[in-house]
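S.K.: Sequences listed follow chains R and U, in order. FYI, the numbering for the first sequence is 1 to 1085, going by UniProt numbering. FYI, the numbering for the second sequence is 1 to 408, going by UniProt numbering. Virtual Cβ for every residue (Gly too), placed ideally from N, Cα, C. Predicted model, so just to flag it, every value in this text is computed and none were measured.
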Amino acid sequence: MTDSKYFTTTKKGEIFELKAELNSDKKEKKKEAVKKVIASMTVGKDVSALFPDVVNCMQTDNLELKKLVYLYLMNYAKSQPDMAIMAVNTFVKDCEDPNPLIRALAVRTMGCIRVDKITEYLCEPLRKCLKDEDPYVRKTAAVCVAKLHDINAQLVEDQGFLDTLKDLISDSNPMVVANAVAALSEIAESHPNSNLLDLNPQTINKLLTALNECTEWGQIFILDCLANYTPRDDRESQSICERVTPRLSHANSAVVLSAVKVLMKFMEMLPKDLDYYGTLLKKLAPPLVTLLSAEPELQYVALRNINLIVQKRPEILKHEMKVFFVKYNDPIYVKLEKLDIMIRLASQANIAQVLAELKEYATEVDVDFVRKAVRAIGRCAIKVEQSAERCVSTLLDLIQTKVNYVVQEAIVVIKDIFRKYPNKYESVIATLCENLDSLDEPEARAAMIWIVGEYAERIDNADELLESFLEGFHDESTQVQLQLLTAIVKLFLKKPTETQELVQQVLSLATQDSDNPDLRDRGYIYWRLLSTDPVAAKEVVLAEKPLISEETDLIEPTLLDELICHIGTLASVYHKPPSAFVEGGRGVQHKRLPARAGSGESAESPDVGQAVSAVSDAPPAVIPSQGDLLGDLLNLDLAPPTSNVPPVPSSMQMGAMDLLGGGLDSLMGDESETSASHYRTEVQSPQPPECSERELGGDVGGSPAMGVSLGGAPVGMPAGLGAAPAVGGGLGDLFDLGGGVGVTAGSYIPPKTVWLPAMKAKGLEISGTFARRSGVIHMDLSFTNKAMSVMTDFAIQFNKNSFGLAPAGPLQVLTPLSPNQTVDVSLPLSTTGPVMKMEPLNNLQVAVKNNIDVFYFSCQYPISLLFVEDGKMDRQVFLATWKDIPSENEAQFQIKDCHLNSDAASNKLQGSNIFTVAKRTVDTQDMLYQSVKLTNGIWMLAELRIQTGNPNSTEWLDSRCRGVRNASAYILVYDICCVESFEYVKMIRQQIVDNREGSSSEVPILVVGSKRDLQRHRFTQRRAISVLVKKTWKCGYVECSAKYNWHVLLLFKELLGIAVARGLRQNHASIRLQGALQRNRCSVM
Amino acid sequence: MTVLICRNYKGDVDMSEIDHFLTLLMQQEEEGLMCPVISHGSVHFMWIKHILYYFDCLFTSVCLSFVCMFPVQVFTEYFKELEEESIQDNFVVVYELLDELMDFGFPQTTDSKILQEYITQEGNKLEVAKTKVPTTVTNAVSWRSEGLKYKKNEVFIDVIESINVLVNANGSVMSSDIVGSIKLKTMLSGMPELRLGLNDRVLFALTGRDKGKTVAMEDVKFHQCVRLSRFESDRTISFIPPDGESELMSYRINTHVKPLIWIESVIEKFSHSRVEIMVKAKGQFKKQSVANNVEVRVPVPSDADTPKFKTSTGHAKYVPEKNLVVWTIKSFPGGKEFLMRAHFGLPSVENDEMEGKPPITVKFEIPYFTVSGIQVRYMKIIEKSGYQALPWVRYITQSGDYQLRTNA
């Protein structure tokens, strides 16, 4: 009987059944039930509803059951904090259980329950457990302090747990010491200045003693902690090194790397002429090499670390070149990393071997690896001068292979070799020129053009060659264009007579026809130089170039030093400081290598090397987003940057807003301008609620009224329901809100306008506006008393209106309004009042009473006031509804000169509860699909097209191709030799996706390239297509040949595979699991 | 992708992050740049592939990079075979193990033998007396329990050396090293103190003896039971052994050795018609020794067909799914030379997807022999009860990563 049965129950009403079982009297049944609950939890089902029942099972003497219940608690306590309190008693009791396993279990679990209320109950038991007689309990409790600190740091400090933890460093049991060290280090990370781990020679000595006795993981904690210590002088440093070196013989590679870290760091303090320094260097090499006999994943980590070590101290591994030779079956990530280290270690002594290897690699099949190998040959040539000639001839051999990417890569590196050793290897230019036609990558083309320009005087037909590139000037990438411009100018300066025409051509191409500022500027500079002073031009353009450096990709020294301090951690794998990828405050400390003994800094080294700069309290939000170097710079800066995100000057923001708002408003009625974006609004009222049905009866078909309110410019609207000026600005207003991009703070609030002038109301002036605040509609009113006597007893009443707006409470004007006094009142409104259709629709008639009289006025509210917060329609529903909208319910508007991109527009509109349901991009158009729900339950759906290109195409794609919609999978076949066929497939696929909006990712599409047998005639590389299809389209890609029946079966197998996998995903989690279980049995054809 | 088991140690990672993992992995695979460490936002995935199942570790903070290997190892020892089914069958135990292995992101105990003592698969049958924490968990000697008893006290020592060789197409040895390992099977009572003596060159130089052959070990790695500081100071290998099977130490030797089985190959490929392969294997070791189960694996083009073989000894077989010819020789005496010829047809339509140049690989095993000449000089076993124990030593040399590049 196995436990996997628990994973397969899929019955409905399961929770109910489980509940019953959990409350069963039989112990066995109870346990079964808890197991089922845990199994459900594992596969991601929500079983939190069973919380009280599971907690009831907690009081048991069955250890296994207890563990399961604890596991459940850890998972769900956070979501049910109140209920979690129920468990506290049992925890406290368990912490005093005679069985140490249970005591430890309880204290461990309590720490994992991240509920504030519980933590206070945790303190007492934890204090006891920290002093427990059993070391197993003590070690668990030590970790628990770190957990508690993570939840509530203040509590830990107040309760004095930190001191207890410090005491544990002197514990008799090494395992306890190790965990205490681990916990303290963890806590210290978030308290960089607290000097928690008070490292002094005495504690260091204690740690070094414990190091010999504790388990492998404990050793790592201790070593990592040692690495943070800065010895007082080189003598102490040496003695620590001596006691750490034996760890290099540990079987656990993590221990080895941590030891390497400590040694690398402390070596910094040893004088280089010390004998011990040499010994240490020798001792470091073998363990590093041995790491490479491990599993490939470990090898990778080891190689990344070795890469750092080699850059810091190349002498350590200088004789170990051979171990980095690439094996055929190494995974690609290991191969690339080995190659990198090989180049770093290349020297005159081993260059012959290295080159032979690199040449071997260059004939492999893995494109990335081959490229890197070719590049490596070039780097060797630049690094080891004696080998340059050999490298060049190797590269020439490789060019002869005519493998396209090899040739291109070789040309790129030969350019660098020319730079490094000018006038030495130019004899090979002829060979390079032969391959001109096969270059299709910008970098290679640019390199070749550079060579032709630089050595124009030696190439007879240089002008022809460059001219041939010039033909397609505008299709080239910027890199090539710039290079071509320079090369032709060089050519002109060298051979002015024949090339005048050419240079004029390129200058005009660059300055007049190009809109790339770099290119244009460079073109103008050349043009002016050439026209004003050709001699100076010669001096500038043909000046001697500075030599290129040997090592181009070394890690910047301060960063390297920091990374050395992080050997064995993720930072060393990424080659980035932790601050670059760790969010939150921890780990952002900046570590530094200790100062070398004898240098001026050594006197104050404890401070310098304590490695915790004051910056750690700098806002983490700023640092992680920076790249390595930038982060580094920020960290070095001792004054912490301000904790605010640098504010954008507000005037700018305002300006943008004004521009936008003003522009829109003024344009609402003005159609003479060229349109920049198109709006199409479809309005429909699927199920108007009872009361409004009659009232709005006329509108069910003709809800254009609403359309009007949205758009203001009636396009094809029934007349009479026409424009309502007050709402005319509706859309424009909406766009006005929010200000900057991404600010979705709230909906648009128009400024207050005078509704009731004092003249008409016996001295009472009322101005007001409407606003929607946190889901409630408010009428903001200002009452001003312009009469001579005091006004009191204010009340307000609304007439019936289109959307049933009514005051939700009485008008609160508390104090009597004295003459010349103004009072602001905000009146919450409800939408439950009596309904009557108004003209215009958003008209509101109001009566205000005071001690003098009753006054009447009417005002109009913006329709956006009525957009409710839950107006986001489900994509599927949207899709279905959209298709069912009768065309008479559709209305289209254009909004012009609204310079918002789709995201900004979407953000803005969201502020007014216009929600973007989906977005897609067709050619140059961004389409936003949006939904709006009114307070009376009417939905409006809108399609917002934002056109960036041709402004006048408003065509409606009749792309509702219903036939395409029903298939459950698609195979799109194109001919690999025919571009048009692929374009067609592109189009069809777009249509499929469009028509299955919302579920597009669920439709399996398999793109198939046929005529594989005619491979030689294909129009582009397989890779290019497959990347596009797989990555961008997220479809499957297969190539086959019907002629040779090659991969045809595979194609269907693939399709079925996708279809089955997709089908299962939609189902219930446990069905999915069943499917996965059967995977091995399922075979197709 | 289904998550079989998940345990969130710190509670700072959203478990739905795992959904990104497979997409990222596929994307990397497509780009041909797979890497065992992947990051997505602030979450970092580390994965290893174990027979089609991925083991992931997620981190948000800087963490030890070596954590994820160990659960796999422990689970394998617990369940023999680690598969989806075995995890599901034992998910309760798996959770318990995960709990013990790591706490709040700090690895705790990863020794499966000790874990087995208090986390058993028959959890419900635990008696109260047995649910005590084994003192071993927190002891200085965390790898051996007290109170073991054997009728016959024996210890078996296996010295296994693997040879890694990389030979260039023109026949020059690019790199070769020996990775040796000494494995113990301990069946000893009580808490015995063991001392192992090897013909270690450094040791002999230290003690001034230089009788007989010595071996210079480049790098030595020890099981955690060995007192490293003692070895560092006087090269003595002293330890209290774990019970049962364990790897006591491993070492690496850089000395250049003649490849024990030398392969010469001629692979001639006539496009559109045929491939002809001639492989000569020569045993370059002592005549008295015999290599067993020799397998020479010769790569052939993926579209080859109609194989024909001729061998002077052994048996050749075409393995089309791996694009290999496997030439098996059951016993291969030293100094002998054998020949194998193979002939394949090639289709007239060429498969123009570039094929790599896989090397020839060789597998073999030579018993009663170590290529480095390492010897166990003595194994002293001292236990306070003073029993006599017998050490048994076995030597074996086998092929490790043994690759010979071809010119085809």
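Only counting the same chain, and skipping five residues up and downstream in sequence, which positions put a Cβ closer than 6 Å to that of Glu1039 of chain R?
M.R.: So the list reads Gly1009, Arg1012, once near-sequence residues are dropped.
S.K.: At 8 Å on the CB atoms, spell out the chain R contacts of Arg252 of chain U, in chain order.
M.R.: Simply Pro286, Val289, Thr290, Ser293.
S.K.: Indicate whether at least one CB of chain R lies closer than 8 Å to the CB of His223 of chain U.
M.R.: Cβ-Cβ to chain R under 8 Å: yes for His223 of chain U.
S.K.: Secondary structure at Met873 of chain R, three-state DSSP: helix, strand or coil?
M.R.: Here Met873 of chain R sits in coil by DSSP.
S.K.: Round the Cβ separation of Val176 of chain R and Leu168 of chain R to the nearest angstrom and send it over; I've been treating them as touching at under 8 Å.
M.R.: Contact holds; Cβ gap of about 6 Å.
S.K.: Starting from the beta carbon of Met174 of chain U, find every residue of chain R whose beta carbon is closer than 8 Å, and list them in chain order.
M.R.: In chain order: Lys322, Phe325, Gln353, Glu357.
S.K.: Assuming Phe239 of chain U and His250 of chain R form a contact by the criterion Cβ under 8 Å, report the distance between their Cβ atoms to the nearest whole angstrom.
M.R.: That pair is no contact at about 13 Å.
S.K.: Report back the beta-carbon spacing between Ala259 of chain R and Phe221 of chain R to the nearest angstrom; my notes put them in contact at under 8 Å.
M.R.: In fact, because the Cβ distance is near 13 Å, the residues do not count as touching under 8 Å.
S.K.: What is the DSSP secondary structure of Trp217 of chain R, reduced to helix, strand or coil?
M.R.: Trp217 of chain R falls in the helix class under three-state DSSP.
S.K.: Pull up the DSSP beta-bridge partners for Leu784 of chain R, would you.
M.R.: Sequence inspection shows Thr at residue 784 of chain R; the Leu mentioned does not correspond to that position. Partner(s): R:Glu765, R:Thr822.
S.K.: Can at least three beta-carbon pairs, one atom from the stretch 361-381 of chain U and one from the stretch 212-221 of chain U, be found at a separation below 8 Å?
M.R.: The stretch 361-381 of chain U is in contact with the stretch 212-221 of chain U.
S.K.: Flag this pair as yes or no: are the beta carbons of Thr431 of chain R and Leu396 of chain R separated by less than 8 Å?
M.R.: Yes, Cβ-Cβ distance for Thr431 of chain R and Leu396 of chain R is below 8 Å.
S.K.: Between the C-alpha atoms of Ala346 of chain R and Pro359 of chain U, what's the straight-line distance to the nearest angstrom?
M.R.: Each residue's alpha carbon lies about 25 Å from the other.
S.K.: Would Pro320 of chain U count as contacting chain R if we go by Cβ distances under 8 Å?
M.R.: Not an interface residue.
S.K.: Ordered along the chain, which non-local residues of its own chain (more than five positions away) have a Cβ less than 7 Å from that of Leu71 of chain R?
M.R.: So the qualifying residues of the chain are Ile38.
S.K.: Apply the 10 Å Cβ neighbour rule to Val776 of chain R and answer buried if 16 or more other Cβ atoms are within range, or exposed otherwise.
M.R.: Val776 of chain R comes out exposed.
S.K.: Please confirm if the stretch 854-873 of chain R is in contact with the stretch 905-920 of chain R, defined as three or more CB-CB distances below 8 Å between the two stretches.
M.R.: At 8 Å Cβ cutoff, the stretches touch.
S.K.: Between the C-alpha atoms of Arg394 of chain U and Lys363 of chain U, what's the straight-line distance to the nearest angstrom?
M.R.: Near 20 Å, if we compare the C-alpha coordinates of Lys363 of chain U and Arg394 of chain U.
S.K.: Exposed or buried, Arg772 of chain R, counting other C-beta atoms within 10 Å across all chains shown (16 or more means buried)?
M.R.: Buried: at least 16 other Cβ atoms inside 10 Å.
S.K.: Count Cβ pairs between the stretch 399-409 of chain R and the stretch 524-542 of chain R that sit closer than 8 Å; are there 3 or more?
M.R.: The answer is no - the stretch 524-542 of chain R does not touch the stretch 399-409 of chain R, with fewer than three Cβ pairs under 8 Å.
S.K.: When you compare only the Cα positions, how much space is there between Ile555 of chain R and Pro320 of chain U?
M.R.: Going by the C-alpha atoms only, they are around 46 Å apart.
S.K.: Using a Cβ-Cβ cut-off of less than 7 Å, give me the residues of the stretch 250-278 of chain R that come near chain U, in sequence order.
M.R.: The stretch 250-278 of chain R vs chain U, Cβ under 7 Å: His250, Ala251, Ser253, Ala254.
S.K.: Three-state secondary structure (DSSP) at Trp882 of chain R?
M.R.: Residue state, collapsed to three classes: helix.
S.K.: Going by CA-CA distance only, name the one from R:Ala352, R:Ala77, R:Ala761 that's closest to Ala388 of chain R.
M.R.: That would be R:Ala352, whose Cα lies nearest to the Cα of Ala388 of chain R.
S.K.: Taking 6 Å as the limit between beta carbons, can you name the residues of its chain near Ser1041 of chain R, skipping five residues before and five after?
M.R.: Correct list, in chain order: Arg1012, Asp1013.
S.K.: What is the DSSP secondary structure of Pro688 of chain R, counted as helix, strand or coil?
M.R.: Its pLDDT being 35, under 50, Pro688 of chain R is placed unreliably in this model, and the coordinates cannot settle the point.
S.K.: Which same chain residues end up closer than 6 Å to Val55 of chain R when comparing Cβ atoms and leaving out the 5 residues on each side of it in sequence?
M.R.: Hits under 6 Å: Met86, Ala87.
S.K.: According to a CB-to-CB cut-off of less than 8 Å, which residues of the stretch 27-60 of chain R neighbour chain U?
M.R.: Correct list: Lys31, Lys35, Ile38, Ala39, Thr42, Val43, Gly44.
S.K.: Can you give me, in chain order, the residues of the stretch 362-375 of chain R that have a beta carbon less than 9 Å from any beta carbon in chain U?
M.R.: Within the stretch 362-375 of chain R, the qualifying residues are Thr363, Glu364, Val365, Asp366, Val367, Asp368, Phe369.
S.K.: Cα separation between Val310 of chain R and Ile411 of chain R?
M.R.: Rounded to whole angstroms, Val310 of chain R to Ile411 of chain R spans 29 Å at the Cα level.
S.K.: Who are the near neighbours of Phe1019 of chain R in its chain, counting only those whose CB is closer than 8 Å to its CB and skipping five residues on each side?
M.R.: Counting only Cβ-Cβ distances below 8 Å, and skipping sequence neighbours, we find Ile976, Cys977, Cys978, Val979, Phe982.
S.K.: May I ask you to verify whether the stretch 242-254 of chain U touches the stretch 327-343 of chain U, counting CB pairs closer than 8 Å and requiring at least 3?
M.R.: Cβ pair count under 8 Å is below three, so no.
S.K.: Whole angstroms are fine: how far does the CA of Leu308 of chain R sit from the CA of Asn407 of chain U?
M.R.: Roughly 35 Å between the two C-alpha positions.
S.K.: Check each residue of the stretch 1017-1045 of chain R: if its Cβ is closer than 8 Å to any Cβ of chain U, include it; give the result in chain order.
M.R.: Here the close residues are Ser1026, Val1027, Lys1030, Lys1031, Tyr1044.
S.K.: Do we get a CB-CB distance below 8 Å when we pair Asn179 of chain R with the residues of chain U?
M.R.: So yes, Asn179 of chain R belongs to the interface.
S.K.: Where in the stretch 59-139 of chain R do unbroken runs of the alpha helix (DSSP H), each at least 4 residues long, occur, reported from the N-terminal end onward?
M.R.: Runs of the alpha helix (DSSP H) inside the stretch 59-139 of chain R: 63-76, 81-94, 100-112, 116-130.
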